[in-house]
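For the sequence shown, position 159 matches number 171 in this note's numbering, and the numbering has no gaps at all. Yeah, the Cβ is synthetic: ideal placement off N, Cα and C, and Gly gets one too. Only a predicted model underlies this, so the values are computations on that prediction, with no experimental measurement involved. Reviewing the structure listed below.
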Amino acid sequence: MTPTAIAVVAGLIGFALGISGLVALQVSARSRRDRADVQEPALPDGAADVLSVIGRAYVVVDGVDGVVRASPAAYALGLVRGHTVVHEQMLEMVGRARRNGVIEERRIELARGPFSSGGVVLDVRVAPIAEEYILLLADDQTEIVRAQSVRNDFVANVSHELKTPVGAIGLLAEAIEDAADDGDAVRRFASRLHKESVRLSALVQDIIELSRLQGADVVTEGRPVDLNRVVAEAVDRNRTPAENRRIEIVVGGRVERPVFGDPDLLVTALRNLVDNAVRYSPEGTRVGVGLRERDGMAQVSVTDQGPGIPPDEQDRIFERFYRVDTARSRQTGGTGLGLSIVKHVMSQHGGEVGVWSQPGRGSTFTLRIPQLEDAGGAAAGGTGAAGADPATPRSLAPAAGSGKTEDRQ
């Protein structure tokens with residue numbers, strides 16, 4: 013065979029091998045594609061439509077616990093990462109539902125994520141929805157559980173706080189009865205009885221105020237409020253106790269645009285701040301109250317010359333019944349609810365309360381409340397609550413760069 017013929021034969025063989033390889037590659041690709049089509053997860057007909065309207069976080073897993081579908085809420089709650097169910101407790105519920113073919117229900121508390129100290133409380137329901145698939149429904153109960161806990165703690169704290177003055181009043185009444193022939197003892201016990209009755213009255217009044225605050229609806233029942241008048245009334249209510257301790261209350265500054273809210277609640281909040289400042293300032297000193305406008309927010313600051321608040325206590329002073337110095341609070345007549353009321357009022361008005369304090373240098377509490385804008389876009393130049401028709405507050409969010417919030421009483 014000539015060299016030319018050999019080259020032709022070799023070329024034909026090579027061409028045949030190439031065609032065979034290409035065919036084999038196409039067959040292999042089609043086979044892989046067919047297998048992939050068979051293994052592709054798919055929900056039963058109509059399941060996706062139902063899941064989209066149930067209003068709960070949901071996860072659908074296949075026979076090997078891989079996530080087929082999950083709602084955005086499931087990712088937000090930290091139940092799913094990628095295509096994996098994160099929490100072992102939920103996987104155990106899935107396994108039992110798959111083995112037994114029955115619905116599993118349980119309330120569980122889970123960490124929100126591997127780097128988060130916060131947790132979520134979920135009512136979880138797990139049920140088979142096809143031969144292979146398992147559905148997890150999670151209803152977030154975190155806020156409800158937290159509210160129940162707060163309510164239970166509040167009832168327990170109120171019971172404890174009421175027992176002290178009530179018990180003291182009973183003991184003092186017995187002491188007065190036993191010392192009926194000793195005029196000095198009767199006068200001494202009667203004086204202490206009066207102090208305890210005043211403290212009890214203040215505590216009951218603050219509890220009533222908190223209850224009223226929780227039922228108030230500032231958004232629908234509020235109106236334009238002149239903050240200058242609120243400050244004047246709050247200061248006037250504290251004039252007598254301040255004069256009794258030779259403390260001067262000095263007011264400075266002014267705000268032009270009104271705020272939107274409940275004037276009685278705002279007076280209560282500011283009165284509590286001024287009352288705190290008077291209680292904790294030494295006799296013969298001064299309490300300052302300042303007003304100003306900044307970035308669409310009205311700011312009211314109350315400054316005292318008291319003992320100040322230690323840094324490690326400042327994160328807790330707005331808690332109900334929390335006191336920095338229990339002995340001093342009892343001496344000054346504090347109930348431990350004043351600053352909690354202030355924080356609640358500010359929250360209802362879309363504002364905030366912040367504090368600056370250093371031990372030995374006094375404290376400054378600052379209220380920040382969104383101001384109203386004129387409906388036509390011009391600044392509302394009125395000074396009273398009956399000014400021009402308002403539009404809405406500039407912002408219902410706290411002012412940027414505001415300080416840490418804290419409380420003392």
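Requested in this report: Please work out which residues of its chain come closer than 6 Å, Cβ to Cβ, to G264, disregarding the five sequence neighbours upstream and downstream, and give them in chain order.
Outcome: G302
Requested in this report: For S64, name the three-state secondary structure that DSSP assigns.
Outcome: coil
Query - Buried versus exposed, by CB contacts within 10 Å (16 or more), H356 - result: buried
Query raised in the report: Nearest to G234 by alpha carbon, out of L384, A69, I115?
Result: L384
Query raised in the report: Between which two residues does the alpha helix (DSSP H) carrying P275 extend?
Result: 275-292
Report task. State the DSSP-derived secondary structure class of T297, mapped to helix, strand or coil. Result -> coil
Query raised in the report: From P323 to A109, what distance separates their C-alpha atoms?
Result: 51 Å
**Report entry** Cα-Cα separation between D74 and Y145, rounded to whole angstroms
**Finding:** 5 Å
**Report entry** Buried or exposed by the 16-neighbour rule on C-beta atoms within 10 Å, applied to H361
**Finding:** buried
Query - Residue from E100, I120, A139 with nearest C-alpha to N112 - result: A139
Query raised in the report: A246 and R298 look like a contact to me (Cβ under 8 Å); what is the Cβ gap, rounded to whole Å?
Result: 17 Å between Cβ atoms; not a contact.
Requested in this report: Quick one: residues in its chain with C-beta nearer than 6 Å to the C-beta of A310, no 5 flanking neighbours on either side, listed in chain order?
Outcome: L239, V267, V271, I381, Q383
Query raised in the report: What are the start and end residues of the alpha helix (DSSP H) that includes A244?
Result: 239-249
Query raised in the report: Mapping DSSP to helix, strand and coil, what is Q360?
Result: helix
Query raised in the report: Whose C-beta lies closer than 7 Å to the C-beta of R373 among residues of the same chain, with five residues either side of it excluded?
Result: G320
Query raised in the report: Relative to the alpha-carbon of S428, which residue among V76, I66, D77 has its alpha-carbon at the smallest distance?
Result: One cannot answer for residue 428 here, as it falls past the ends of the chain, which runs 13 to 421.
Query raised in the report: When the Cα atoms are used, what is the spatial distance from Y292 to G318?
Result: 5 Å
Requested in this report: For the beta strand (DSSP E) holding R137, just list the boundary residues, first then last.
Outcome: 131-140
Query raised in the report: E295 to L122, Cα distance in whole Å?
Result: 52 Å
Query raised in the report: With 16 as the cutoff for other CB atoms within 10 Å, does R163 come out buried or exposed?
Result: exposed
Query - Whole-number beta carbon distance between L215 and L174, since they are thought to touch under 8 Å - result: 7 Å
Query raised in the report: Taking the C-alpha atoms as reference points, what is the distance between S161 and E189?
Result: 42 Å
Requested in this report: Count the other CB atoms, across all protein chains shown, that sit within 10 Å of the CB of G366; report buried if there are 16 or more and exposed otherwise.
Outcome: buried
Report task. Check T417 in the structure and name its three-state DSSP category. Result -> Interpretation of T417 is limited by its pLDDT of 37, a score under 50 that renders its predicted location unreliable; no figure is taken from the coordinates.
**Report entry** Cβ separation of H95 and G107, assumed to be a contact under 8 Å, to the nearest whole Å
**Finding:** Contact flag wrong, Cβ pair sits at about 18 Å.
Requested in this report: Please check the pair M102 and L91, which I expect to be a contact at CB under 8 Å, by giving their CB distance rounded to whole angstroms.
Outcome: 7 Å
**Report entry** Which of helix, strand or coil DSSP assigns to Y145
**Finding:** coil
Query - Nearest to V290 (by Cα), restricted to the options I259, I329, V157 - result: I259
**Report entry** Contact set for F201: own chain, Cβ-Cβ below 8 Å, skip 5 residues either direction
**Finding:** L184, A187, I188, A191
**Report entry** Cβ-based burial, N256 [other Cβ within 10 Å; buried from 16]
**Finding:** exposed
Requested in this report: Give a yes or no on whether the C-beta atoms belonging to F377 and L285 are separated by under 7 Å.
Outcome: yes
Requested in this report: Kindly indicate which residue of I156, R211, D287 has the alpha-carbon position closest to the one of I261.
Outcome: D287
Query raised in the report: Nearest to P371 by alpha carbon, out of Q326, G350, L379?
Result: Q326
**Report entry** Backbone secondary structure at V262 - three-state DSSP
**Finding:** strand
Query raised in the report: Considering only C-alpha positions, which residue in the set E364, H99, E143, S203 is nearest to V136?
Result: H99
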